[in-house]
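Just below is one structure, and these are the notes that go with it.
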Amino acid sequence: ESKECYQGNGQSYRGTSSTTITGKKCQPWSSMAVITKVWEALHTPAFCFQYCRNPDGDVNGPWCYTMSPRKLFDYCDVPQCGKLLSFLEGDDFSDKCSVISPIQICKRKALS
766 ESKECYQGNG QSYRGTSSTT ITGKKCQPWS SMAVITKVWE ALHTPAFCFQ
816 YCRNPDGDVN GPWCYTMSPR KLFDYCDVPQ CGKLLSFLEG DDFSDKCSVI
866 SPIQICKRKA LS
């Protein structure tokens, strides 16, 4: 499962995360249940799969329709890029972090 981050409100997010913050699987945007909710954005390649997206510019970030009849949509488990916390600081480490599960790993800058 991909854990990329998103910029701003996530409207331009094109990662491959397909799980919500509550652990639900996303429904494909091309499913009949979703198509009945008319979105112009659904006619683009970015909406061919079940990945998290933000077609309406929701301030809470990427979301998806779920497979659960009890919760029709949910926000996705994708962090906002500017909100990643680095547990390592200093000149020897980059400020770019990769999120792996709940653990964030900062990569060392290449020494030249």
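The opening residue of the sequence shown carries number 766 in the numbering used here; numbering runs sequentially from there. Using N, Cα and C, we set each Cβ at its ideal position, and we do this for glycine too.
Original post:
With serine 782 and cysteine 841 assumed to form a contact (beta carbons below 8 Å), what rounded beta-carbon distance in angstroms separates them?
Top reply: 5 Å
Original post:
Which partner residues does lysine 790 have in the DSSP bridge list?
Top reply: Thr784
Original post:
Identify the residues that DSSP records as bridge partners of tyrosine 816: which are they?
Top reply: Bridge partners of tyrosine 816: none, in fact.
Original post:
Should aspartate 821 go down as buried or exposed, given a rule of 16 or more other Cβ atoms within 10 Å for buried?
Top reply: exposed
Original post:
In angstroms, rounded to a whole number, what distance separates the CA positions of serine 795 and asparagine 819?
Top reply: 15 Å
Subject >> Alpha-carbon to alpha-carbon, serine 777 and phenylalanine 814 >> reply: 15 Å
Subject >> Same chain, Cβ closer than 7 Å to asparagine 825, five either side skipped, listed in chain order >> reply: Tyr840
Original post:
Just the Cα atoms here: how many angstroms apart are isoleucine 843 and proline 793?
Top reply: Note that residue 843 is valine in the sequence shown here, rather than isoleucine. Spanning the two alpha carbons is a distance of roughly 17 Å.
Original post:
By a C-beta neighbour count over all protein chains shown, 10 Å radius and 16 as the cutoff for buried, is lysine 836 buried or exposed?
Top reply: exposed
Original post:
Would you report the Cα separation of glycine 773 and threonine 784, rounded to the nearest angstrom?
Top reply: 20 Å
Subject >> Outcome for threonine 787 when other beta-carbon atoms lying within 10 angstroms are tallied against a minimum of 16 >> reply: exposed
Original post:
Smallest Cα separation from glutamate 901: which of Ser833, Cys817, Lys790 and Met832?
Top reply: The structure shown does not extend to residue 901, since the chain is modelled only from 766 to 877, so the question has no answer here.
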